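First up is the structure itself, then whatever we jot down about it.
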Amino acid sequence: MNVIVEQGSIEKTTADTMIVNLFEGTPEPGGATGAVDQALHGAIRELISNGDFKGKQKEMVVLYPRGALPAKRVILLGLGKREKFDVEVIRQVASAGIRRARELNAQSVATVVHGGGEGGVSPELAAQATVEGSILGLYRYDALQNAEERPKDPQELRLVEFATEKIESVRQGAQLAERICQGVQLARDLVNMPPNMATPKKMAEVAAQIADDHHMNVFVGDRQWAESQKMGAFLAVAKGAGEEPQFIVLEHAPSQSNLGTLVIIGKGITFDTGGISLKPGEKMEEMKCDMAGAAAVLGAMKVVGLLNLPLHVVCLAPCTENMPDASAYHPADVIFASNGKSIEIISTDAEGRLILADALVYAHRYQPKAVVNLATLTGACVIALGANVAAGLFSNDDALRQKLLDSAEITHERLWPLPLYEDYSRKIKSDVADIKNSGGRNGGVGTSAAFLKEFVSYPWAHIDMAGMALSDKDEGYIQKGGTGFGVRLLVQLLLNWTKSAS
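Going by this note's numbering, 111 is the number at position 114 of the sequence shown; the sequence numbering is gapless.
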């Protein structure tokens, strides 16, 4: 969908569909909505006075101008209560409006910048949220389906802003949103892709394409290379895999950057059976999403390239299957990570932390200012925090933790800070090795983080996104299937880092 920013009066737009809004309880429309109402000879005021439109969030009415306006139809969209209005509401209502426009077979849609006027949100952020909600709200993964009759997506979205002094800010916000959405859509596509297609090799090919498109450096280590690096934890998980493991290193290295290095790491288990510690068969198909962390960091790197951020960013994505092959590693095995730590295997289904361990060790070579890893790591996190509510956040650095929480507040990719108590570390002490890869069912969220902490000596944050990778229903701008969680969060972190350091 082509996004266009226009200066002018929305009632004069030649788009076939127009979207305007009202807050709940507004007695009489003003601004752009008031101008449209005047052109419609008070039709909106009549809806309000008759109680047929109250302005509740996502409430919609379609009006037909019958020649009073150039547009064929007007969608009046409720913003909800003023006191509850924020950037996330903008995304939600923008998504609802554009999806309704698609149902009506609209091909050209003009919209006001939700929240950029009476909403009190800055023009740039309001435009960004309006475009994010609109583009992501139209997302569909139908690449593998036969063509069928369904409404086509609108071909263009016009953001119409009356105030000349706001145009440049609106344009910047819209352009940023378009680029961010490309990264989110990539991550969603990878998670939605079946595991016989979204293989480690496919993940490596995607990384190579990002590198080619945006002049990045890329390296993909195979099994032999991992052996040379003594990545015994990564290789243990890969032992039973039918697909060859791939350790992806994707590096954005601008020619002039004195802001230090940030490393982002994503867990890339392209299918997780649990290995010898086999998972239950019910809903095992959802384990294709166990590479959502890797999908998120690749999506974020795509945005980094599109924005050409003046920041040295390294992406690490260890990718492999976890399968119960005859060659697979066993419970009770002892393996060695690349920093020499010995690990007793309690469960082969606690595999994500193993591949992340070697990635965290590898990150040391960059002398990073900070490292953030994302992983669908534990079912315990879903139970603790709830599905599609928040991801768990562990960090050994207060400043990094706060930076991530600030980013989560803006993007609504929410994080729930959790403690790294020493008690968790005691639970993974082993009788036969340095540590165990599982502290048991109780305390599973904390012990998994404590395990990862054994492999870091820099500012670090671990995000357990197990409850956020998939959605089981369409809700706002997030559709059933892969959510793309983490892309917007990471991009916002990197943007904030760049701004604060410049």
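Note that CB positions come from ideal geometry on N, CA and C, so glycine has one too. Quantities reported herein were computed from a predicted structural model and do not represent experimental measurements.
Taking a 10 Å sphere around the C-beta of Ser105, we find 16 or more other C-beta atoms and assign the residue as buried.
The alpha helix (DSSP H) runs lying completely inside the segment 366 to 414 and spanning 4 residues or more are 376 to 382 and 395 to 408, given in chain order.
Within the segment 315 to 359, no run of alpha helix (DSSP H) reaches 4 residues while sitting entirely inside it. Under the 8 angstroms Cβ criterion, the segment 256 to 272 counts as touching the segment 361 to 376, having at least three qualifying pairs.
Taking a cut-off of 8 angstroms for Cβ pairs, the segment 235 to 250 and the segment 316 to 336 touch, as three or more such pairs fall below it.
For Glu153, the uninterrupted beta strand (DSSP E) run begins and ends at Glu153 to Glu158, by DSSP. A Cβ-Cβ contact shorter than 8 angstroms links Ser468 with Ile475. Arg411 places its beta carbon 8 angstroms or farther from that of Ala372.
The beta strand (DSSP E) runs of length 3 or more contained entirely in the segment 449 to 499 are, from start to end of the chain, 457 to 461. Between Ala93 and His111, the CB-CB gap reaches or exceeds 8 angstroms. Annotation: Gln364 to Thr258 spans about 7 angstroms, alpha carbon to alpha carbon. Comparing C-alpha distances from Asn193 to each of Arg63, Arg423, Pro26 and Ile266 shows the shortest one belongs to Ile266. Here the C-alpha atom of Lys69 lies approximately 9 angstroms from the C-alpha atom of Thr11. Boundaries of the beta strand (DSSP E) around Ile262: Thr258 to Gly263. Under DSSP, Glu248 shares a beta bridge with Asn214 and Val311. As the crow flies, the alpha-carbon of Met288 is around 15 angstroms from that of Glu202. The beta-bridge partner set that DSSP reports for Ala107 consists of Met15 and Arg155. Annotation for Gln172: the continuous alpha helix (DSSP H) segment containing it runs Ile164 to Asn189. With the rule of 3 Cβ pairs closer than 8 angstroms, the segment 338 to 349 does not count as touching the segment 244 to 256. Judged by their CB atoms, Ile7 and Val17 are nearer to each other than the 8 angstroms cut-off. Distance between Ala325 and Leu232, taken at the CA atoms: about 10 angstroms. Rounded to whole angstroms, the Cβ separation of Met213 and Ala291 is 16 angstroms, and the two are not in contact under 8 angstroms. Rounded to whole angstroms, Leu73 and Gly436 show a C-alpha spacing of 54 angstroms. Within the same chain, and ignoring the five residues on either side of Gly479 in sequence, the residues whose Cβ sits closer than 6 angstroms to its Cβ are Arg185, Val188 and Asn189. By the neighbour-count criterion, in which a residue is buried when 16 or more other Cβ atoms sit within 10 angstroms of its Cβ, Ser445 is buried. Note that the C-beta distance between Asn393 and Lys450 is below 8 angstroms. Counting the other Cβ atoms within 10 Å of the Cβ of Glu80 gives fewer than 16, which makes it exposed. DSSP places Met228 in the coil class of the three-state scheme, outside both helix and strand.
Counting every other CB atom within 10 Å of its CB across the protein chains shown gives Thr270 a total of 16 or more, marking it as buried.
Under the Cβ criterion (8 angstroms, minimum of three pairs), the segment 76 to 91 counts as touching the segment 18 to 38. With three or more CB-CB distances shorter than 8 angstroms, the segment 160 to 168 counts as touching the segment 114 to 129. Counting the other Cβ atoms within 10 Å of the Cβ of Arg99 gives 16 or more, which makes it buried. Distances from the CA of Arg147 to each of Asn102, Glu175, Ala107 and Val118 were compared; the closest alpha carbon is that of Asn102.
Beta bridge pairing from DSSP links Asn(-1) with Glu153. As a beta-bridge residue in DSSP terms, Gln4 pairs with Glu158.
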